[in-house]
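In our numbering, the protein residues as written are 3 to 524.
For each residue, glycine too, the CB sits at the ideal point set by N, CA and C.
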């Protein structure tokens, strides 16, 4: 039906002047667009041009000067010869992928323009001075790598979305961006030469999403940043920021906060505790490159990424337990030894990532809704608190790959793997026993599988009323040895189509890896 209506519309457009596309109100076929723009036969009848040019094509820039009533222009791979001196002031939608000029025409004043998309353009600046574009809602200049500065936004009071991602030469954002009271999204991702952020950002009362990740030279946020009261998503990962302004706790609507890799730039003269003093007044000053004041106040925060921030012992504020809405936290790649016990107050926390925290020695008691704990390569990890309750979800998955110290005492009755096996196996309707038949395990494991030592007490538990899957594989010692595995069970947490084969679908994931020299041969 849709295709039939479209064909009918095309025929209506062609009804008059069927052999003169320059007099059609709409142009959508490449051959027609090419003919009109290469021969300069466009007229004021043309209102819309929409075409995806298959390859780079050179056309006459002056062709646009005869189309004064053009309202919609969507093209790519078009590189006009000569200077572009005119575009219709009646344009309401302009999308030109790879726009090849340094700026928009001086005479271009499209007062009804509501969307401007010049992604991957060669623009150095859009315009000089002030242009009255009161209808403009969206401006997209992503990957315009020649852009040096943004325009004066004074004449664009209703702008809602400003996307400058990948503008790698951008040096500054015009101060008047702070006056855009309707701006909802500001994306400055990977603007790696941007050194400062407008101080009047606090005036942006509608801003919900701010992305500054990859702004390598950006060292600080404005002190009154907390006054951006509607902000819901903030990403400052990969910047040189090493201290968050205390006013951040005023962002009561903030839901997603990422500081991934936010180590900051080290000072010219380092002493052992310099940076730690930024966060902890009673500490010496040189031990860390990132400072977070406190968490109390961020009551809506759901996702927090503090991975690879070089956080040391004591760097995580104790009031982390006040993040009552938090569902996922990533602390991977940091250098603390322990975690605040208040983590168990995060009653909605489901995902807890600690990979590569190589100084971490233990886990505190965890919240009851945890479904995943990722602690791979925590090589100093020794214990889980005896009182720790590791969640009550039937689908919990624990990743302790390469946490060798957890399992070094293979004959101990308190061996972690055995304890966890005994704790959960009897509560599951189905036990998934799985291995990768394309790979010989020997005494190792694959990424999404784990191995636990095969003890008689565990074997007895496994066979105590559990439904094994797949049934054709004998999971006992002889079956494992035929596959080159000795003294191990491999249990994995299945997802997708494989998980649907289980009846019922309760699943368990335990992920471990042991040093071959420590394996006790039964």
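- In the DSSP assignment, residue 305 falls within the beta strand (DSSP E) that extends over 305-307.
- Pairing residue 304 with residue 32, the inter-Cα distance amounts to about 48 Å.
- The C-alpha of residue 72 lies about 17 Å from the C-alpha of residue 137.
- Residue 39 and residue 63 have their C-alpha atoms roughly 8 Å apart.
- If you look at residue 32, you'll find it in the alpha helix (DSSP H) that goes 32-41.
- Here residue 196 is near residue 220, since their CB atoms are less than 9 Å apart.
- Under DSSP, residue 385 forms a beta bridge with 364.
- When only Cα atoms are considered, residue 128 and residue 328 end up about 41 Å apart.
- Around the beta carbon of residue 134, a 10 Å sphere encloses fewer than 16 other beta carbons of the protein chains shown; the residue is thus reported as exposed.
- Scanning its chain for C-beta atoms nearer than 8 Å, with the 5 sequence neighbours on each side dropped, one finds around residue 85 the residues 63, 103, in chain order.
- Around residue 101, the same chain offers 120, 123 as residues with beta carbons nearer than 6 Å, after the five sequence neighbours per side are excluded.
- Exposed is the label assigned to residue 58, since fewer than 16 other Cβ atoms lie within 10 Å of its Cβ.
- The beta carbon of residue 382 sits closer than 7 Å to those of 360, 361, 362, 363, 407, all from its chain and outside the five residues before and after it, given in chain order.
- DSSP places residue 330 within a strand segment (E or B) once states are collapsed to three.
- Taking the C-beta atoms as reference points, residue 179 is found nearer than 9 Å to residue 203.
- For secondary structure counted as the beta strand (DSSP E) over 3 or more consecutive residues, the region 190-275 holds these complete runs in sequence order: 211-213, 235-237, 258-260.
- Closest in C-alpha terms to residue 68, from the list 80, 52, 42, 378, comes 42.
- By the neighbour-count criterion, in which a residue is buried when 16 or more other Cβ atoms sit within 10 angstroms of its Cβ, residue 345 is buried.
- As a beta-bridge residue in DSSP terms, residue 354 pairs with 331, 375.
- Taking the CA atoms as reference points, residue 26 sits about 15 Å from residue 66.
- Nearest Cα to residue 254 within the set 263, 210, 264: 210.
- Judged by their CB atoms, residue 111 and residue 142 are not nearer to each other than the 9 Å cut-off.
- Contact check between the region 245-261 and the region 222-234: three or more CB pairs, one atom from each, fall below 8 Å, which counts as touching.
- Between residue 368 and residue 312, the alpha-carbon positions lie close to 23 Å from each other.
- Per the coordinates, the alpha-carbon of residue 94 lies some 13 Å from the alpha-carbon of residue 70.
- For residue 50, the uninterrupted beta strand (DSSP E) segment begins and ends at 50-52.
- Within the DSSP bridge table, the entry for residue 95 names 74, 117 as partners.
- A residue is called buried when at least 16 other Cβ atoms come within 10 angstroms of its Cβ; residue 46 does not meet this threshold and is exposed.
- Runs of the beta strand (DSSP E) spanning 3 or more residues and lying entirely within the region 104-174 occur at 117-119, 140-142, 163-165, in chain order.
- For residue 402, the enclosing beta strand (DSSP E) covers residues 399-402.
- Residue 184 sits away from residue 167, with the two beta carbons spaced by 9 Å or more.
- By the neighbour-count criterion, in which 16 or more other beta carbons inside 10 Å mark a residue as buried, residue 153 falls on the buried side.
- A distance below 9 Å separates the beta carbons of residue 341 and residue 318.
- Distances from the alpha-carbon of residue 240 to those of 80, 260, 298, 374 put 260 closest.
- Taking 9 Å as the cut-off, the beta carbon of residue 149 is found closer than this to the beta carbon of residue 126.
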